[in-house]
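Visitor: Residue numbers (the numbering used here): 131 to 816. All C-beta atoms in this analysis are idealised placements derived from N, C-alpha and C, irrespective of residue type, glycine included. Mind having a look at this structure? Questions to follow.
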């Protein structure tokens with residue numbers, strides 16, 4: 131019999147004691163569980179204790195995340211977040227440099243946990259850290275020669291803790307002083323600065339610029355593009371990445387006139403050469419990982435022409451379009467450098483798979499090799515299109531992929547899975563270089579079909595792709611094509627013709643019912659301002675239109691007997707729309723807003739009189755024009771009617787064909803049998 135779903139078996143550690151195996155009842159309050167653990171070790175004041183994961187994360191267990199505990203998890207009993215925050219708050223103010231350094235190191239580690247971060251921030255911990263940064267260099271300036279390593283580590287841990295605490299989004303970036311900004315900018319402007327301090331300072335500046343317009347102006351006064359360019363010339367790739375992030379943030383927030391000046395600086399040949407040098411270094415690393423095992427140990431020997439020839443051969447095997455200068459393959463954006471970063475990540479973190487793909491394709495015939503370089507660039511571009519990378523967030527988009535929250539480098543891992551899928555699909559299709567676009571279309575379909583299942587992890591996404599081979603994609607396509615063809619067969623078309631009048635009658639009744647409810651319209655005065663209201667509705671017997679002016683927009687329906695004016699439906703001569711409306715032909719109509727023109731319609735009746743409408747939106751426009759045409763016995767021609775007809779007709783067809791599932795519908799009716807030779811079998815009623 132399986133154990134209850136609310137019972138989780140875990141191991142709990144306590145320093146100096148043997149771990150305990152416990153069954154945690156998730157229905158119990160967390161405080162009761164902690165008390166039970168403390169009682170087992172005879173520990174008093176259980177409210178000062180908490181549980182946390184014993185892995186590298188060390189995250190605290192709270193009521194919000196306790197459901198994430200799985201069977202076999204190892205937990206640790208430790209001091210509560212509030213107690214821990216209080217102790218660290220006191221320790222980082224210690225007069226002992228060793229104690230202060232150790233406390234800051236612990237703070238940098240614990241600040242990743244939002245539970246601890248909240249408690250430390252409540253103690254005004256952010257202000258304490260900023261004060262330490264502002265006054266730290268002056269305070270210890272005399273001791274720097276003696277304790278420079280200690281001071282560098284101390285500042286590094288301080289900035290790391292600050293970045294981790296701010297990343298939780300609890301404290302606004304607008305609260306920081308100019309002195310703090312100047313201090314952070316000074317770390318970036320110094321030529322010889324510890325790598326970790328420089329990296330965190332760049333991260334802080336980027337966040338300041340992106341999160342506050344006021345801070346952008348203050349940061350822009352302290353640091354320029356020219357001061358950032360030297361950091362791009364270094365060999366540390368992370369520093370280069372953070373520097374480009376700051377440059378992008380400054381460019382994004384800069385006013386238009388400032389952007390042009392920055393663009394001119396960024397367009398300088400010197401900066402382009404720096405970026406191209408970084409590209410060449412990565413490309414050379416890709417070549418080294420793939421081919422160093424089979425090249426001669428002393429590959430630097432020989433003439434320059436010989437080495438160039440060897441590199442060109444290797445770049446061709448790697449699948450680049452430009453064999454002489456592969457960096458030129460990455461000039462198109464998107465994907466730009468993102469594709470190169472993905473390739474390097476794949477080569478370093480999935481080295482065996484990378485070498486296998488490159489060597490496997492370099493040994494094939496020229497026409498059948500899957501070019502790794504070109505494939506990676508096109509694949510990265512395709513993944514950006516699928517995930518809408520680089521586009522502004524959409525309020526109407528409902529796409530959510532939980533698997534991207536299960537890995538720190540989720541996009542790169544996503545690429546690694548897809549590039550292996552592409553190579554596998556290439557082989558299954560027995561593709562040649564002429565089939566490159568066809569392979570990419572199949573891979574796109576495979577990825578999108580796997581994403582629609584909403585896999586919860588990258589491993590689950592990978593397993594979904596294993597069930598979507600090229601053969602399976604062909605079967606799915608054939609099945610969908612057959613289903614589509616079924617709806618175009620002659621019997622289905624005849625059934626549609628039979629059902630369509632019923633559906634149109636249903637749509638007509640819905641339109642008339644909406645006219646009976648009525649709608650509030652705005653009036654256009656001589657200055658074309660829409661500041662007055664009037665209401666119009668159809669009588670329940672569909673014989674009369676009731677309308678009248680209103681002081682303000684009503685909250686609900688307006689009774690037809692409260693509307694003073696009437697128009698018998700029998701007196702209506704025609705319904706006109708758009709430019710044909712009388713109120714759209716007035717003087718100055720050419721200046722009329724196009725949106726208003728698309729929402730205008732008029733009812734013409736006796737003695738050249740008209741009733742002029744401006745619908746509140748396109749939906750109401752379609753409802754009223756359809757309803758009025760239905761009253762006049764004319765066809766409903768709006769786009770809304772076409773959509774409703776298609777939807778309802780499709781639903782009705784599917785409902786009627788439910789009993790015929792998996793039964794092939796013939797294209798022609800069965801033949802009529804021959805007449806019998808005699809009719810003696812007919813019953814004589816007389």
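Grab the span of the alpha helix (DSSP H) containing residue 139 for me, first residue to last.
Guide: Working through the chain shown from its first residue, we reach residue 139 at position 9. Taken as a continuous stretch (DSSP letters only), residue 139 belongs to no alpha helix (DSSP H), being part of the beta strand (DSSP E) at 137 to 143.
Visitor: What three-state label does DSSP hand residue 740 in the structure shown?
Guide: As a working note, residue 740 is residue 610 in the chain shown. Here residue 740 sits in strand by DSSP.
Visitor: Relative to the C-alpha of residue 420, which candidate in 286, 491, 683 and 289 has its C-alpha closest?
Guide: Position 290 of the chain shown, counting from 1, holds the residue named residue 420. Closest option to residue 420, Cα to Cα, is 491.
Visitor: What ranges does the alpha helix (DSSP H) occupy inside the region 326 to 408, keeping only unbroken runs of at least 4 residues that lie completely in it?
Guide: Those alpha helix (DSSP H) runs which fall completely within the region 326 to 408 and span 4+ residues are 343 to 352, 355 to 362, 367 to 383 and 386 to 396.
Visitor: Using the Cβ count rule (16 or more neighbours within 10 Å means buried), how would you classify residue 245?
Guide: Position 115 of the chain shown holds residue 245. It counts as buried.
Visitor: For residue 748 versus residue 727, is the C-beta distance shorter than 8 angstroms?
Guide: Position 618 of the chain shown, counting from 1, holds the residue named residue 748. Position 597 of the chain shown, counting from 1, holds the residue named residue 727. No, the Cβ-Cβ distance between residue 748 and residue 727 is not below 8 angstroms.
Visitor: Quick check: what's the CA-CA separation for residue 268 versus residue 471?
Guide: Locating residue 268 in the chain shown gives position 138, counting from the first residue. Locating residue 471 in the chain shown gives position 341, counting from the first residue. Confidence at residue 268 is low in this model, with a pLDDT of 49, below 50, so its placement is unreliable and no value can be given for it.
Visitor: Could you tell me the alpha carbon to alpha carbon distance between residue 412 and residue 368, rounded to whole angstroms?
Guide: Residue numbering aside, residue 412 sits at position 282 when the chain shown is read from its first letter. Residue numbering aside, residue 368 sits at position 238 when the chain shown is read from its first letter. Taking the straight line joining both Cα atoms gives about 13 angstroms.
Visitor: Give the range of the beta strand (DSSP E) segment to which residue 473 is assigned.
Guide: Against the chain shown, residue 473 aligns to sequence position 343. Element bounds for residue 473: not the beta strand (DSSP E) but the alpha helix (DSSP H), 467 to 479.
Visitor: Put residue 650 into one of helix, strand or coil per three-state DSSP.
Guide: Working through the chain shown from its first residue, we reach residue 650 at position 520. If DSSP states are grouped into helix, strand and coil, residue 650 belongs with the strands.
Visitor: Name the one or two DSSP bridge partners that residue 582 has.
Guide: Indexing the chain shown from 1 puts residue 582 at position 452. Its beta-bridge partners do not exist; DSSP assigns none.
Visitor: Would residue 237 and residue 253 be called neighbours here (beta carbons separated by less than 8 angstroms)?
Guide: Mapped onto the chain shown, residue 237 falls at position 107. Mapped onto the chain shown, residue 253 falls at position 123. No, they are not a contact pair.
Visitor: What are the complete alpha helix (DSSP H) segments, minimum 4 residues, inside the region 528 to 606?
Guide: Taking only runs of at least 4 residues, the alpha helix (DSSP H) segments lying wholly in the region 528 to 606 are 540 to 559, 566 to 581 and 588 to 596.
Visitor: Looking at the secondary structure, which residues open and close the alpha helix (DSSP H) in which residue 152 lies?
Guide: Translated into the one-based positions of the chain shown, residue 152 becomes position 22. Premise fails: residue 152 lies in the beta strand (DSSP E), 150 to 155, not in any alpha helix (DSSP H).
Visitor: Tell me where the beta strand (DSSP E) around residue 207 begins and ends.
Guide: Numbered from its first residue, the chain shown carries residue 207 at position 77. Unbroken beta strand (DSSP E) run through residue 207: 203 to 209.
Visitor: Would you mind giving the Cβ-Cβ distance between residue 595 and residue 576, rounded to the nearest angstrom? I have them listed as a contact below 8 angstroms.
Guide: If you number the chain shown from 1, residue 595 lands on position 465. If you number the chain shown from 1, residue 576 lands on position 446. About 6 angstroms separates the two Cβ atoms, so the contact holds.
Visitor: Is the beta carbon of residue 373 closer than 8 angstroms to that of residue 330?
Guide: In the chain shown, the residue the question calls residue 330 occupies position 200. In the chain shown, the residue the question calls residue 373 occupies position 243. Cβ atoms of residue 330 and residue 373: not closer than 8 angstroms.
Visitor: For residue 638, which residues in the same chain have their Cβ closer than 6 angstroms to its Cβ, ignoring the five residues on either side in sequence?
Guide: Translated into positions along the chain shown, residue 638 becomes position 508. So the list reads 760, once near-sequence residues are dropped.
Visitor: Taking all protein chains shown into account, decide if residue 526 is buried (16 or more other Cβ within 10 angstroms of its Cβ) or exposed.
Guide: One-based indexing of the chain shown puts residue 526 at position 396. Exposed.
Visitor: What did DSSP end up calling residue 686 once you bin it into helix, strand or coil?
Guide: Residue numbering aside, residue 686 sits at position 556 when the chain shown is read from its first letter. Coil at residue 686, not helix or strand.
Visitor: Candidates 486, 371 and 443: which alpha carbon is nearest residue 467's?
Guide: Start at 1 with the first residue of the chain shown, and residue 467 comes out as number 337. Among 486, 371 and 443, the Cα nearest to that of residue 467 is on 371.
Visitor: Starting from residue 183, follow the beta strand (DSSP E) in both directions and report where the run begins and ends.
Guide: As a working mapping, residue 183 is identified with position 53 in the chain shown. Element bounds for residue 183: 179 to 183.
Visitor: Out of 485, 205 and 168, point me to the one whose CA is closest to residue 185's CA.
Guide: Your numbering for residue 185 matches position 55 in the chain shown. Here the closest residue by C-alpha is 205.
Visitor: Kindly indicate the opening and closing residues of the alpha helix (DSSP H) around residue 777.
Guide: Within the chain shown, the letter at position 647 stands for residue 777. Taken as a continuous stretch (DSSP letters only), the alpha helix (DSSP H) holding residue 777 covers 769 to 786.
Visitor: Out of curiosity, what's the CA-to-CA distance linking residue 503 and residue 451?
Guide: Here residue 503 refers to the residue found at position 373 of the chain shown. Here residue 451 refers to the residue found at position 321 of the chain shown. So the alpha carbons of these two residues sit roughly 8 angstroms apart.
Visitor: Pull up the distance between the alpha-carbon of residue 744 and that of residue 517, whole angstroms please.
Guide: Working through the chain shown from its first residue, we reach residue 744 at position 614. Working through the chain shown from its first residue, we reach residue 517 at position 387. If I take the Cα positions, the gap works out to 40 angstroms.
Visitor: In this structure, what does DSSP give as the bridge partners for residue 301?
Guide: Here residue 301 refers to the residue found at position 171 when the chain shown is read from its first residue. Looking at the DSSP assignment, residue 301 forms no beta bridge with any residue, so it has no partner.
Visitor: Which residues mark the beginning and the end of the beta strand (DSSP E) in which residue 502 is found?
Guide: Along the chain shown, one-based indexing puts residue 502 at 372. Note, residue 502: premise wrong, no beta strand (DSSP E); alpha helix (DSSP H) at 502 to 517.
Visitor: Among the residues of its own chain, which have a CB less than 6 angstroms from the CB of residue 505, if the five just before and after it don't count?
Guide: Sequence index remark: in the chain shown, residue 505 carries index 375 (1-based). If we look at residue 505 and ignore the five residues flanking it on each side, its Cβ neighbours are 552.
Visitor: With respect to the alpha helix (DSSP H) encompassing residue 316, which residues constitute its N-terminal and C-terminal limits?
Guide: Against the chain shown, residue 316 aligns to sequence position 186. Here the alpha helix (DSSP H) through residue 316 covers 308 to 319.
Visitor: Please go through the same chain and pick out, in chain order, the residues whose beta-carbon is closer than 8 angstroms to the beta-carbon of residue 818, but skip the five residues on each side of it.
Guide: No answer is possible for residue 818: the residues shown for the chain start at 131 and end at 816.
Visitor: Since residue 196 and residue 156 should fall inside the 8 angstroms C-beta cutoff, what is the C-beta to C-beta distance between them, to a whole number of angstroms?
Guide: Translated into the one-based positions of the chain shown, residue 196 becomes position 66. Translated into the one-based positions of the chain shown, residue 156 becomes position 26. Confirmed, about 7 angstroms.
Visitor: Whether or not the region 565 to 576 and the region 619 to 629 are in contact is what I'm after, with contact meaning three or more pairs of Cβ atoms, one per stretch, closer than 8 angstroms; do they touch?
Guide: Touching, no.
Visitor: In or out: residue 804 buried (at least 16 other Cβ within 10 Å) or exposed?
Guide: For the purposes of this step, residue 804 is identified with residue 674 of the chain shown, where counting begins at 1. Label assigned to residue 804: exposed.
Visitor: Using CA coordinates, which residue listed in 541, 536 and 532 is at the minimum distance from residue 473?
Guide: Here the question's residue 473 lines up with position 343 in the chain shown. Ranking the options by Cα distance to residue 473, first place goes to 541.
Visitor: With H, G and I counted as helix, E and B as strand and the rest as coil, what does DSSP make of residue 752?
Guide: Along the chain shown, read from residue 1 onward, the residue named residue 752 stands at position 622. Correct three-state label for residue 752: helix.
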